[in-house]
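Trainee: Note that the protein sequences, when read in sequence, are chains A and B. For the first sequence, the numbering used here begins at 19 and goes up steadily by one. For the second sequence, the numbering used here begins at 2 and goes up steadily by one. One structure is given below, represented as structure tokens, and several questions about it will come after.
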Amino acid sequence: MIRNSSSIPSPDVVPLWCSKVSKWHGSFLGLNDISLELRPGITALLGANGSGKSTLMNLIAGQLYPDSGFIRIFGIDPWTWEGKRMVGYSPDLDYFYPSWSIRVFLDRLGVIAGIERKKIPNIINKVLSLVGLSSVQSTLLKRCSLGMRQRAKIAHALLLEPPLLILDEPFRGIDPVGRRDLVQLLLELQSAGKTILVSSHELDEIEKLTSQVVMLRSGRIVSAGPIYLVKERLIDNPVEIAMEFQDADKIRIIAQAIFSHPDVSGIQCAEEKLSLLKIQTRKPSVVFPHLIQISIIHNIILRRLEIVDQAPAEVMESLFQG
Amino acid sequence: MGFVNSFTSGLNAMLVVYLFRARVGRGLFWVSAGFLLIVSAVVLSVSYKNQWNYKAWKPRAQVGLNFSNTIEMLEANSLIIGHNSGYSAITSAVAGTSSGFLQLSGFQVFTKNVVFSVFLGFLLPLWCLTFSVEGLGSEREGKTLFWLFTKPIPRSSIYLGRFLTILPWVLSWSLGGFFVLSVCAGEGGIFAFKLFWLPIALASITYASVFFFMGACLPRASLIALAYAFVVETLLGSMPGSLKQLSIAFYARSMMFQQSAEVGVILEQGGGYADFPQSTAIMFMMGIASIFLFAGVFVFGKIELRGQR
């Protein structure tokens, strides 16, 4: 249900449409020319810390405004108050009104959201039951566990029954039983026709939820679509491997040996540390054994051998396992 | 639902949720309360010594009779020279006028030494700041503003709604504090309260608008507001010449000056207060309040919650 879109869509009927969206954080480019179109269903947003996931979600939820390009939710700009009606957002932040209970939190935000006063109790009972917080609704937010606060955020996102749900790291802090229930809830919401964008590092849960993924790296969409297509594209995605030695004596000879491998596209010696090599490759699974073999042949002690961008590596591993 | 409906609904929601839940920085609150206590104690001690008048006042560099003695002497003179009707009448008139002035001097001394100086120049900005800066500033600093921004109501309704929720607190605290000081000062103080409640209320609204803007739209708003209160209001407000017109207190003083003149008391020669009729002073204060409210609505509408995480 995803299209990494540059075609001309009909924005009025598309749940989420991002067109050439860029966002700067000061002098740092947080998102770079993102085009994306989501249809009803669950889509996972994957990427390392700092890859731009939360920035993209904040833009979609109307908390940030794009520096270029635009976003539409059923044809409405999410920055406007009308757009907020379309989005239920559970952010990856943990700031609450500490002296309010879960129920009071939902009740007051319901009032602010413009829900009719007499309908609020029923709506709150329903969302509390959905997220499994009915029995602890009177607990003050400052006394809630991280998992309870996460579920309170999801309940808050469901208050207005919006057609689009943006859930940033919803599984963080939730116990295994809670995760199972949350997966179930999201699948039910999907069946009800909702469009859901979920970011998470919990790939087990993501795989249970959806086969649709969008992968971000350094503010760009590296890959988007069904998981099997993403895997194929990721195979060709360049990664950097850090290789550090005990001493820097043989570094020149080793660098030459490594570079002789056809799948190594680049190699550089780190300026800050002479015993550290940074190796660029598109096929880390092939290059890794080669690096180990070289270190054995030249009888050198390795201090470190890892893919620098750790989170995408985890993502890839998980995707390859599937 | 159109904009107007949504705006009204947002305004109403802000009042329902926040009217009786004003957030006040504990530190600032206790500083404000502490200053009220200290100044009240000083005013009370002056009242106890019966010094809110010119009875004991002597012209500068003069020794001998004070104001009260002089009046007594004039009254005695008019009795002694009672057979000379013309001279006696004049002396009696001067003594009577001076006596009347002496009765009103409690109000004048209190206004000049407390209301014009320490109250308008320091206490009122501080008290208004206590409630106004925290209005949306506490949400901003506590990073809970985000929850309001996810709701389908115009940001202008959040801003104006929250401003309305702090206004009763600001007015209660500033007028209540002034009332306490006035009561401590006795008859002259109570007269000053009856005469000056309006300029103080208007100045409070203006200060509230300025400090609320700072809290909602600027980082480290409490520090900026304190700096404004001390530099602009306290220092500039007491400067000679037209510089003092930059302070909000100047317009409150102008109003008070005119009101005092209407009851026959000229509070301070010079100072430029006579140049601003009451209507102009009111217009200036309400103009400043409106400018900051509109500026706040505009800037608040553009705020991105960058770095919330």
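A virtual CB, placed ideally from N, CA and C, is assigned to each residue, including glycine. Predicted model, so just to flag it, every value in this text is computed and none were measured.
Could you list the residues in the region 134-147 of chain A with a C-beta less than 8 Å from some C-beta on chain B, going in chain order?
Mentor: Going along the region 134-147 of chain A in chain order, one finds no residue with a Cβ nearer than 8 Å to chain B.
Trainee: Report the rounded CA-to-CA distance for A/I259 versus A/A275, giving the unit in angstroms.
Mentor: Each residue's Cα considered, the two are about 15 Å apart.
Trainee: Could you please give the first and the last residue of the uninterrupted beta strand (DSSP E) stretch that includes A/F88?
Mentor: Element bounds for A/F88: S86 to R90.
Trainee: I want to know whether the region 211-224 of chain A touches the region 130-144 of chain A - three or more CB-CB distances under 8 Å.
Mentor: They do not touch, by the three-pair rule.
Trainee: Throw me the rounded Cβ distance for the A/I43 and A/L124 pair, which I believe falls under 8 Å.
Mentor: Strictly speaking, residue 43 of chain A in this sequence is His, with Ile absent from that position. About 32 Å; that fails the 8 Å criterion.
Trainee: Please list, in chain order, the chain A residues whose beta carbon lies closer than 9 Å to that of B/T151.
Mentor: Neighbours of B/T151 on chain A, chain order: A79, G80, Q81, K102, V105, G106, Y107, P109, L127, A131, H174 and A175.
Trainee: What residues in the region 42-53 of chain A bring their beta carbon closer than 8 Å to a beta carbon of chain B?
Mentor: Residues passing the 8 Å Cβ filter: H43.
Trainee: Return no unless some Cβ of chain A is closer than 7 Å to the Cβ of B/E135.
Mentor: False, the Cβ-Cβ gap to chain A never drops below 7 Å.
Trainee: Show which residues of chain A have a CB atom less than 8 Å away from the CB atom of B/F147.
Mentor: The contacting residues are Q81, P109, L111 and Y113.
Trainee: Quick one: Cα of A/T157 to Cα of B/F111, how far?
Mentor: A/T157 and B/F111: Cα-Cα distance of roughly 53 Å.
Trainee: When you compare only the Cα positions, how much space is there between A/M166 and A/K102?
Mentor: Cα to Cα, A/M166 sits roughly 24 Å from A/K102.
Trainee: Compare the Cα-Cα distances from A/I60 to each of A/V201, A/P256 and A/S278 and report the closest residue.
Mentor: Comparing Cα positions, the closest option is A/V201.
Trainee: Compare the C-beta of A/W97 with all C-beta atoms of chain B and state if any pair is closer than 7 Å.
Mentor: No, A/W97 lies away from the interface with chain B (no Cβ there is under 7 Å from its Cβ).
Trainee: Do you know how far the Cα of B/K195 is from the Cα of B/L124?
Mentor: Approximately 19 Å between the Cα atoms of the pair.
Trainee: Under 7 Å between C-beta atoms, does B/F21 make it to chain A?
Mentor: Chain A, which has no Cβ nearer than 7 Å to the Cβ of B/F21, makes this no.
Trainee: Would you kindly report the start and end of the unbroken alpha helix (DSSP H) that includes A/P194?
Mentor: That run of the alpha helix (DSSP H) goes P194 to S209.
Trainee: Say whether chain A places a C-beta atom closer than 7 Å to the C-beta of B/I167.
Mentor: B/I167 does not count as touching chain A.
Trainee: Determine the direct distance from the alpha carbon of B/A230 to that of A/S153, and round the result to whole angstroms.
Mentor: Roughly 49 Å separates the two Cα atoms.
Trainee: Should A/V39 and A/G70 be called a contact, given that it needs their Cβ atoms to be closer than 7 Å?
Mentor: No, these two residues do not count as a Cβ contact at 7 Å.
Trainee: If you reduce the DSSP assignment to three classes, tell me which class A/Q311 lands in.
Mentor: Note: A/Q311 maps to helix in three-state DSSP.
Trainee: Whose C-alpha, out of B/Q279, B/V266, B/I225 and B/L224, is nearest the C-alpha of B/F251?
Mentor: Looking at the Cα atoms, B/Q279 is the closest of the given residues.
Trainee: Taking Cβ positions only, does B/S139 come closer than 7 Å to chain A?
Mentor: B/S139 does not count as touching chain A.
Trainee: Report yes or no: is there a C-beta of chain A within less than 7 Å of the C-beta of B/E305?
Mentor: At least one chain A Cβ lies under 7 Å of B/E305.
Trainee: Please compile the residues from chain A whose C-beta is within a distance smaller than 8 Å of the C-beta of B/K144.
Mentor: The answer, in chain order, is L111 and Y113.
Trainee: What are the boundary residues of the alpha helix (DSSP H) that B/T131 is part of?
Mentor: Taken as a continuous stretch (DSSP letters only), the alpha helix (DSSP H) holding B/T131 covers L125 to E142.
Trainee: State yes or no: is the beta carbon of B/I154 nearer than 7 Å to at least one beta carbon in chain A?
Mentor: It does; some Cβ of chain A falls within 7 Å.
Trainee: With a cut-off of 7 Å, does the C-beta of B/R310 fall near any C-beta of chain A?
Mentor: Low local confidence applies: a pLDDT of 43 at B/R310 is under 50, so the model's placement there is unreliable, with the coordinate-based value given in what follows. It does: the Cβ of B/R310 has a partner Cβ on chain A nearer than 7 Å.
Trainee: Taking just the CA atoms, how far does A/L34 sit from B/R163?
Mentor: C-alpha separation (whole angstroms): 32 Å.
Trainee: For the pair the region 93-108 of chain A and the region 178-186 of chain A, tell me if three or more CB-CB distances fall below 8 Å.
Mentor: They touch, by the three-pair rule.
Trainee: Please list, in chain order, the chain A residues whose beta carbon lies closer than 8 Å to that of B/S10.
Mentor: What B/S10 touches in chain A: G132.
Trainee: Can you name, in chain order, every residue of its own chain whose Cβ lies under 6 Å from the Cβ of A/Q328, other than the five neighbours on each side?
Mentor: Residue placement at A/Q328 cannot be trusted, given a pLDDT of 47 that sits under 50; what the coordinates show is reported in the next sentence. None.
Trainee: With a threshold of 7 Å between beta-carbons, can B/V17 be considered close to chain A, or not?
Mentor: Yes, its Cβ sits closer than 7 Å to a Cβ of chain A.
Trainee: Alpha carbon to alpha carbon, how far is A/E225 from A/N67? Give it in angstroms, no decimals.
Mentor: Looking at the two C-alpha atoms, the distance is approximately 19 Å.
Trainee: Start and end of the beta strand (DSSP E) containing B/L196?
Mentor: Where B/L196 is concerned, there is no enclosing beta strand (DSSP E), although the alpha helix (DSSP H) it sits in stretches over E188 to C218.
Trainee: Can you find the residues in the same chain that come closer than 7 Å, C-beta to C-beta, to B/S183, ignoring five residues on each side of it along the sequence?
Mentor: Taken in chain order, the residues that qualify are G190, I191, A193 and F194.
Trainee: Rounded to whole angstroms, what is the Cα-Cα separation between B/C218 and A/G243?
Mentor: If you take the alpha carbons of B/C218 and A/G243, they lie about 41 Å apart.
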